[in-house]
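Visitor: Here the sequence shown is numbered in our numbering, starting from 220 and rising by one per residue.
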Amino acid sequence: MISKNNSLSIIYFSPTGGTQKVVREIATGMGYRKLRDLNITKDKAIPKLQFSKDDNVLIGTPVYSGRVPLVALQRLKKMKGENTNVILVVVYGNRHYDDALLELKDLVVDLGFSPIAAATFIGEHSFSSPKYPISEGRPNSTDLRLAKDFGKQIMTNFENHKKIKVPGTYPYKERSEKLKVKPKIDMDLCDLCGMCEKVCPVDAISIFKDRVDIDENLCIYCHVCVRICPQKAIVIDDKRIIKSAKNLHEKCKQPQIPEIFL
Ligand SMILES: Cc1cc2nc3c(=O)[nH]c(=O)nc-3n(C[C@H](O)[C@H](O)[C@H](O)COP(=O)(O)O)c2cc1C
């Protein structure tokens with residue numbers, strides 16, 4: 220049974236911060252005094268974690284190509300439950316979440332967790348730009364209010380939680396081919412501050428005294444480097460990404476609404 224006497228662990232992968240905002244707001248709504256915040260966006264500090272049946276866990280991940288991002292999947296596999304209650308959240312960029320929530324649910328069940336609630340929320344699409352905005356500003360204040368309410372609802376109803384069903388189909392949507400994408404740095408603007416290297420979730424960026432190297436085999440085009448750069452020195456101008464951004468900008472204008480599964 221989910222109970223307020225125990226602590227809550229929130230575990231999330233969130234390169235551009237949308238998922239982090241949503242899961243933190245759900246946790247606020249749940250009202251635990253003891254909160255363990257495990258950000259697995261960077262790999263380095265992730266311990267192998269064993270949870271017991273008395274623990275409560277909330278896991279959040281973005282949707283990449285209708286699935287759980289592979290890096291997030293690999294990092295989540297370090298967790299182990301023992302019939303541990305878990306709440307699952309996926310955050311997507313206003314196109315669709317396809318099979319991501321089902322895949323996340325299947326994964327955590329394999330790892331020993333017991334999903335008792337789930338939700339889908341909307342974040343600003345990683346490919347969004349001033350030229351091609353896609354779900355810009357999401358999660359907005361309404362999304363975050365709904366996230367907090369969802370957290371409250373989980374707790375008020377905790378006696379009655381049953382195993383949940385979530386949307387999705389088998390076989391899961393095929394992952395898109397991994398593109399080789401290399402963000403471009405304008406060295407006239409770059410002052411080698413190292414922010415991009417620090418935030419890159421897959422350590423694809425290395426800063427040297429006089430240059431920045433980016434490994435296109437590692438880059439997952441999450442765009443956090445573009446967003447964080449104080450000098451606006453980084454762009455991803457790969458034609459395939461720009462085409463996809465234009466397409467999403469034109470076709471995904473209708474704002475999607477969060478869904479909850481209790
Ligand atoms: C490689 C890639 C693939 C994506 N695929 C989808 C998708 O299939 N559907 C969707 O609605 N959003 C998609 N998105 C957008 C993200 O789900 C969205 O931007 C999310 O808010 C990112 O979460 P974060 O801010 O926590 O990093 C994709 C983003 C990236 C980088």
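Glycine is no exception: its CB is placed at the ideal position from the N, C-alpha and C atoms.
I want to check one thing, is the minimum distance from the CB of Thr-339 to the heavy atoms of ligand 1 below 7 Å?
Guide: Relative to the non-hydrogen atoms of ligand 1, the Cβ of Thr-339 never comes closer than 7 Å to any of them.
Visitor: Can you grab the Cα-Cα spacing for the pair Asn-302 / Phe-332, in whole Å?
Guide: 5 Å
Visitor: Residues in the same chain with beta-carbon distance under 7 Å from Ala-423, minus the five sequence neighbours each way, listed in chain order, please.
Guide: Ile-433, Asp-434, Leu-437 and Cys-438
Visitor: Give the list of continuous alpha helix (DSSP H) stretches no shorter than 4 residues that lie fully inside the segment 252–330.
Guide: 289–295 and 319–329
Visitor: Touch check for the segment 224–235 and the segment 332–352: three-plus C-beta pairs under 8 Å?
Guide: yes
Visitor: Apart from the five residues just before and just after Lys-465, which ones in its own chain have a Cβ nearer than 8 Å to its Cβ?
Guide: Answer for Lys-465: Tyr-351, listed in chain order.
Visitor: Give the single residue among Gln-473, Met-414, Lys-458 and Val-241 whose Cα lies nearest to the Cα of Ser-360.
Guide: It is Val-241.
Visitor: If we ignore side chains and look at the alpha-carbon of each, how far apart do Asp-456 and Lys-399 end up?
Guide: Cα atoms of Asp-456 and Lys-399: separation of roughly 12 Å, rounded to the nearest angstrom.
Visitor: Please check the pair Ile-383 and Ala-336, which I expect to be a contact at CB under 8 Å, by giving their CB distance rounded to whole angstroms.
Guide: Ile-383 to Ala-336, Cβ: 6 Å. Contact.
Visitor: Check the C-beta distance from Gly-413 over to Glu-322 and give it rounded, since I have them as a contact under 8 Å.
Guide: In fact, because the Cβ distance is near 34 Å, the residues do not count as touching under 8 Å.
Visitor: State yes or no: is the C-beta of Thr-375 nearer than 7 Å to some heavy atom of ligand 1?
Guide: no
Visitor: Any heavy atom of ligand 1 inside 7 Å of the beta-carbon of Gln-269?
Guide: no
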